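Presented below is the structure to which this report refers.
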Amino acid sequence: LEPAGALGVAGMKKYVEQNGITGQTLVAITSGANMDFDRLRFVSERADESEKTLAVTIPERPGSFRNLYSMIWPRNVTEFSYRFEGHGNADILISFQPVLNIENDFEGVMGKLKENDFDCIDLTQNELAKVHVRHLAGGRSVVQHERLVRFDFPESPGALQRFLLSLEIDWNVSLFHYRNHGDDFGRVLVGIQVPDTCDKKFQTFLDTLGYSYEDETNNPVYTRFLRTTTESEDE
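The sequence shown begins at 112 in our numbering and counts up by one.
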């Protein structure tokens with residue numbers, strides 16, 4: 112066995128020596144999966160059947176993102192992926208855990224979304240969505256006055272709601288990427304359309320929110336993979 116797998120045998124031998132045990136049958140559990148925490152996270156995600164995934168279409172206007180979340184709350188949102196596409200509708204990938212002690216809670220959420228004109232599709236059993244598209248959703252977009260900020264959200268109920276309620280209602284969320292990995296803090300990437308005239312107000316928002324953050328607007332990865340530069344911007 113590898114060292115980790117032999118740990119049970121080593122512990123049993125030490126226990127026998129320290130306690131002078133003889134004439135007994137002892138059993139040690141040995142294991143060794145060659146698994147790090149990243150691989151363990153993948154296994155736990157695939158084994159969790161309580162998570163449901165939806166593709167939701169919302170109108171592309173300030174406040175829609177907040178309205179969508181209000182229909183999911185207080186359920187635990189485990190994934191949120193969105194990128195601004197244009198001045199029409201936006202497609203969002205969202206995963207959450209329905210309330211277990213409420214019968215047909217997931218169906219109830221879908222019904223509520225549709226009643227509010229948010230078209231949605233159940234992707235829970237869609238392998239293309241779970242294995243590939245969830246990592247590709249978004250991409251390049253032309254977004255005026257976009258600020259890209261990376262946050263560390265505390266993994267606690269209401270953290271995302273607090274962020275959305277703190278946003279100026281006129282500021283549009285143009286990008287949002289979050290995935291719950293079971294850590295104490297969730298890593299969230301957010302794009303927000305903030306006019307240059309609101310620099311001071313935006314800085315106040317960041318400072319009073321109480322979450323650790325990093326401004327990534329000038330990060331070359333952002334300009335190469337998430338933003339399409341127009342000819343007017345080049346000039």
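A virtual CB, placed ideally from N, CA and C, is assigned to each residue, including glycine. Source: prediction; values computed, not measured.
Query, Result
"Am I right that L271 and F264 are in contact with their C-beta atoms under 8 Å? What's the rounded C-beta distance?", "7 Å"
"Rounding to the nearest angstrom, what Cα-Cα distance links A387 and D230 in this structure?", "The displayed coordinates of the chain run from 112 to 346. Any statement about residue 387 would go beyond what the structure contains."
"In angstroms with no decimal places, state the Cα-to-Cα distance between R194 and H288.", "8 Å"
"Starting from the Cα of W184, find the closest Cα among V220, I169 and E214 and give me that residue.", "V220"
"Would you report the Cα separation of A117 and T141, rounded to the nearest angstrom?", "6 Å"
"From N330, K241 and L224, pick the residue whose C-alpha is nearest to that of F176; which is it?", "L224"
"According to DSSP, simplified to helix, strand and coil, what is V167?", "strand"
"Candidates F207, D310 and K125: which alpha carbon is nearest E160's?", "F207"
"Scan the segment 176-223 and note each continuous beta strand (DSSP E) run of 3 residues or more that stays entirely inside, going in chain order.", "187-194 and 200-208"
"Can you give me the start and stop residues for the alpha helix (DSSP H) that Y322 sits inside?", "Element bounds for Y322: n/a, residue is neither H nor E."
"Taking contact to mean 3 or more Cβ pairs, one atom from each stretch, closer than 8 Å, check whether the segment 203-218 and the segment 310-321 are in contact.", "no"
"Bridge partners of Y289, per DSSP?", "F191 and V299"
"For D307, which three-state DSSP category applies?", "helix"
"Look up V253 in the DSSP assignment and say whether it is helix, strand or coil.", "coil"
"With a threshold of 8 Å on Cβ separation, who are the neighbours of I132 within its own chain once the five nearest residues in sequence on each side are excluded?", "Y126"
"When DSSP labels each residue in this structure, what does F229 get in the three-state scheme?", "coil"
"Count the other CB atoms within 10 Å of the CB of E218; is the residue buried (16 or more) or exposed (fewer)?", "exposed"
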